[in-house]
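Each remark here refers to the structure printed beneath this line.
2 protein chains.
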Amino acid sequence: MSEAKPTGRCIIDAPYENNVTVLVTGGAGFVGLNLVEALLEREREVVLFDAGALPRGADRALEPHAKRLHVERGSVLEPGALDALFRRYRIRHVIHAAAVTSGPQRETRDPAGIVEVNLRGTVNVLTAAREHGVQRTVYIGSGAAYGESLYRYPRLYEHTLSVPATLYSITKHAAERMCMRLRALWEIDIVCVRLGTVIGPWERDTGVRDNFGTHSQLAAMAIAGKSAVLMTREIQRDWIYARDVAEGVIALLDAAAPKHLMYNLSSGVAWEQPIARWCEALKAAYPAFSYREALATEDANIWYTDRDRGIMDIGRLEHDIAFRVRYPMREAYTHYLAWLARSREFFAA
Amino acid sequence: MSEAKPTGRCIIDAPYENNVTVLVTGGAGFVGLNLVEALLEREREVVLFDAGALPRGADRALEPHAKRLHVERGSVLEPGALDALFRRYRIRHVIHAAAVTSGPQRETRDPAGIVEVNLRGTVNVLTAAREHGVQRTVYIGSGAAYGESLYRYPRLYEHTLSVPATLYSITKHAAERMCMRLRALWEIDIVCVRLGTVIGPWERDTGVRDNFGTHSQLAAMAIAGKSAVLMTREIQRDWIYARDVAEGVIALLDAAAPKHLMYNLSSGVAWEQPIARWCEALKAAYPAFSYREALATEDANIWYTDRDRGIMDIGRLEHDIAFRVRYPMREAYTHYLAWLARSREFFAA
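Chains as they are written, first to last, in numbering that gives the first Met the number 0: chain B, 0 to 348; chain Y, 0 to 348.
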């Protein structure tokens, strides 16, 4: 299903390189901004393309790299805007992260908008990448592409069958397969990653991300000195810290020739008591914050990501590009807390 | 995956009824026009909606039913045009047959157009159907939604996993799943059918149907008195005659409450030597026509549908709505020849 065959012109020998310009679509979003930061720290030139504005605090955080950062507002639904980017910058790599992360309300209200951004937008980005001779594109997919299989199998491998059921899942799954099809037809170099459940800096309500993460909600409550009422049980997820996502994606951009066309990118393990531990960590840093479990008759006051999911296996990524998780739960929380401490303005309402 | 749960307002008790207005999107296309004819013969009011014109000969063929046929030009990509249809006619049922049946050339050239028509178009049609209280929509899907599984399994059941690989397959698969999702979110009544390989009247190059069927090519050659050079072996397919497709779809529109959300609709059996038999039948009717097998060093001069496929099982349709194939190969050919005899203008270039 996803063995990489050599393509005509695009699998290049690309060792670690500076001065490479990378376009990040959806670059002002949660995952996108973490990618942008990590790319800038690695001395890349970055074109951040997004329909929305940067969040509060991002300007300051990115200031040290301002000379190599080019922020461009625009939509992946405007082929002309994409084309203009490629004419303005010498873009070698594309990370296509622009997407609508839809929940049921949006799926009920605006299915056409989800289809447009997640599918038509992907075709538009790939079309521009092809026309302008981009050397590699990484498509930021989602574990959601496994669909109902996430809840049926204890472990998900890249070859596990997909049973997409929500519009988000359907469009993320279809977009990956379109990437594979166009890769073959156009002989372009595309790699897809399926992300696990990401936590970390820069997650916010951008208007296109409906499932606001539990960790982010708790962080906002802690900073505001509020009291959290938790569900009485934890949800199983192979959370991954946003920095690790960025590491994995950049490693795939840089790999000489990834052996596969699709990679899971998660921590590969279920975190133990992640919400309780996160609450403890927040409490230590923000003493005004409190939390407790909901009583039997009571609802939680934070939103939890949905059902227990199987764990996305990352053996392929570990094997092919020597990916290693640098931020397991404890390290992730330490890093995240440090980011929170210097990012109060991000949470200012 | 596709058990029908009762929905809020739409599974109605709808026995065989006249005076029901049915909208057929893609109604001037191959499958669409066969549906339109069959609906008119059953005394339905029909709104034929299509971006393209009716083929030669269709006006005359439909003339006996002209009072109940309303031909409207327009695209499923124009929500305003769809909305206008529903305001002009009291549409109770929708058959959504508009699609781009793409081959590799089009997939290379215009992936965005395929995504738009097959996915955005489907969302647009369902949106209009919901807004205007349509009682049931049948989505005309394709066995192509099984993707590579068609070539891996000898028999395809509705629950067989899908491995879509081409843009046609990917979009037909995603569209079905979107139907299921919007059915649940909107509590509307939608049934999907996956068609086998259809043969019969009205197949032609409409500009959106890239894989022109072998039977149609041979029919055109026979009428023109040309010589066909055949491949030396037949391709296995569970061909279905277009009239049977129409029967099955209309039965699904009329069924009180189909038990499932998805049905295979094919003949359910591999036809034996279908191309050789079709050539024999054509030769008998058109003596100027000749045919022979290609020599070892020679190519066929007609295009064959691709690899052998597994057979789509129709047990579910037979069981749930008592579907029976009325046109097995021999009967199909007899009927098709009679249609050819009275449809010379259809083939006039």
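Positions of the beta carbon are idealized from the N, C-alpha and C atoms, including for glycine. Bear in mind the structure is a predicted one, so any value in this text is a computation, not a measurement.
Determine whether the beta carbon atoms of residue i and residue j lie at a separation below 7 Å.
{"i": "Y/Val-75", "j": "Y/Ala-97", "result": "yes"}
{"i": "B/Gly-195", "j": "B/Glu-202", "result": "no"}
{"i": "B/Trp-185", "j": "B/Arg-129", "result": "yes"}
{"i": "B/Gly-79", "j": "B/Asp-49", "result": "no"}
{"i": "B/Ile-350", "j": "B/Thr-20", "result": "The displayed coordinates of chain B run from 0 to 348. Any statement about residue 350 of chain B would go beyond what the structure contains."}
{"i": "B/Ala-293", "j": "B/Val-228", "result": "yes"}
{"i": "B/Pro-163", "j": "B/Gly-140", "result": "no"}
{"i": "Y/Tyr-240", "j": "Y/Tyr-326", "result": "yes"}
{"i": "Y/Ile-274", "j": "Y/Glu-330", "result": "no"}
{"i": "B/Asn-33", "j": "B/Ala-245", "result": "yes"}
{"i": "B/Val-190", "j": "B/Val-137", "result": "yes"}
{"i": "B/His-131", "j": "B/Phe-85", "result": "yes"}
{"i": "B/Phe-288", "j": "B/Arg-55", "result": "no"}
{"i": "Y/Leu-149", "j": "Y/Arg-308", "result": "yes"}
{"i": "B/Leu-166", "j": "B/Pro-110", "result": "yes"}
{"i": "B/Ile-320", "j": "B/Ser-265", "result": "no"}
{"i": "B/Ala-144", "j": "B/Glu-115", "result": "no"}
Can you find a CB in chain Y that lies within less than 7 Å of the CB of residue i?
{"i": "B/Ala-106", "result": "The question names Ala, but residue 106 of chain B in the sequence shown is Glu. Closer than 7 Å to some Cβ of chain Y, the Cβ of B/Glu-106 qualifies, so yes."}
{"i": "B/Leu-76", "result": "no"}
{"i": "B/Leu-61", "result": "no"}
{"i": "B/Leu-166", "result": "yes"}
{"i": "B/Val-133", "result": "no"}
{"i": "B/Ser-1", "result": "Note that B/Ser-1 has pLDDT 47, beneath the 50 cutoff, so the model's placement of it is unreliable and no number is given."}
{"i": "B/Leu-155", "result": "no"}
{"i": "B/Leu-118", "result": "yes"}
{"i": "B/Thr-6", "result": "Only weak support exists for where B/Thr-6 lies, its pLDDT of 41 falling under 50; the coordinates are left without a value."}
{"i": "B/Arg-341", "result": "no"}
{"i": "B/Cys-9", "result": "For B/Cys-9, the predicted model reports a pLDDT of 33, less than 50, meaning its position is unreliable; a value from the coordinates is still stated below. No, B/Cys-9 lies away from the interface with chain Y (no Cβ there is under 7 Å from its Cβ)."}
Would you say residue i lies against chain B (beta-carbon separation less than 7 Å)?
{"i": "Y/Arg-176", "result": "yes"}
{"i": "Y/Ile-169", "result": "yes"}
{"i": "Y/Leu-316", "result": "no"}
{"i": "Y/Val-122", "result": "yes"}
{"i": "Y/Ala-421", "result": "The requested residue 421 of chain Y does not occur in the structure, where chain Y is confined to residues 0 to 348."}
{"i": "Y/Leu-184", "result": "yes"}
{"i": "Y/Val-114", "result": "yes"}
{"i": "Y/Ala-80", "result": "no"}
{"i": "Y/Leu-160", "result": "yes"}
{"i": "Y/Pro-163", "result": "yes"}
Around the Cβ of residue i, are there at least 16 other Cβ atoms within 10 angstroms (buried) or fewer (exposed)?
{"i": "Y/Trp-238", "result": "buried"}
{"i": "Y/Asp-305", "result": "exposed"}
{"i": "B/Arg-59", "result": "exposed"}
{"i": "Y/Leu-280", "result": "Just to set this straight, residue 280 of chain Y is Ala in the shown sequence, not Leu. Buried, because 16 or more other Cβ atoms sit within 10 Å of the Cβ of Y/Ala-280."}
{"i": "B/Asn-123", "result": "buried"}
{"i": "B/Arg-291", "result": "exposed"}
{"i": "Y/Ser-226", "result": "exposed"}
{"i": "B/Gly-142", "result": "buried"}
{"i": "Y/His-259", "result": "buried"}
{"i": "B/Glu-106", "result": "buried"}
Mind checking which residues open and close the beta strand (DSSP E) that includes residue i?
{"i": "B/His-92", "result": "90-95"}
{"i": "B/Ile-139", "result": "135-141"}
{"i": "B/Ile-187", "result": "Segment: none, B/Ile-187 is in no beta strand (DSSP E) and carries neither H nor E."}
{"i": "B/Asp-49", "result": "44-49"}
{"i": "B/Asn-263", "result": "261-264"}
For residue i, which option in the options has the closest C-alpha, if you only look at C-alpha atoms?
{"i": "B/Ile-249", "options": "B/Gly-28, B/Phe-29, B/Leu-39", "result": "B/Leu-39"}
{"i": "B/Leu-217", "options": "B/Val-162, B/Trp-270, B/Ala-284", "result": "B/Ala-284"}
{"i": "Y/Arg-119", "options": "Y/Ala-37, Y/Leu-81, Y/Gly-199, Y/Gln-272", "result": "Y/Leu-81"}
{"i": "B/Pro-257", "options": "B/Arg-135, B/Ala-52, B/Ser-226, B/Leu-53", "result": "B/Arg-135"}
{"i": "B/Ala-269", "options": "B/Ala-223, B/Val-197, B/Met-230, B/Leu-47", "result": "B/Val-197"}
{"i": "Y/Tyr-88", "options": "Y/Glu-106, Y/Leu-68, Y/Arg-105, Y/Glu-77", "result": "Y/Leu-68"}
{"i": "B/Thr-126", "options": "B/Asn-300, B/Arg-180, B/Ala-287", "result": "B/Arg-180"}
{"i": "Y/Arg-242", "options": "Y/Leu-160, Y/Glu-157, Y/Thr-333", "result": "Y/Thr-333"}
{"i": "Y/Ile-222", "options": "Y/Pro-153, Y/Glu-175, Y/Val-35, Y/Ser-342", "result": "Y/Ser-342"}
{"i": "Y/Arg-95", "options": "Y/Ala-299, Y/Arg-193, Y/Gln-104", "result": "It should be pointed out that residue 95 of chain Y corresponds to His in this sequence rather than to Arg. Closest by alpha carbon: Y/Arg-193."}
Residue i lies in the alpha helix (DSSP H); which residues open and close that run?
{"i": "Y/Phe-345", "result": "343-346"}
{"i": "Y/His-334", "result": "328-340"}
{"i": "Y/Leu-84", "result": "78-87"}
{"i": "Y/Ala-221", "result": "213-223"}
{"i": "B/Asn-123", "result": "120-130"}
{"i": "B/Glu-317", "result": "314-320"}
{"i": "Y/Leu-39", "result": "29-40"}
Could you list which residues in chain A have their beta carbon closer than 7 Å to that of residue i, in chain order?
{"i": "Y/Leu-181", "result": "No chain A is part of this structure, whose protein chains are labelled B and Y."}
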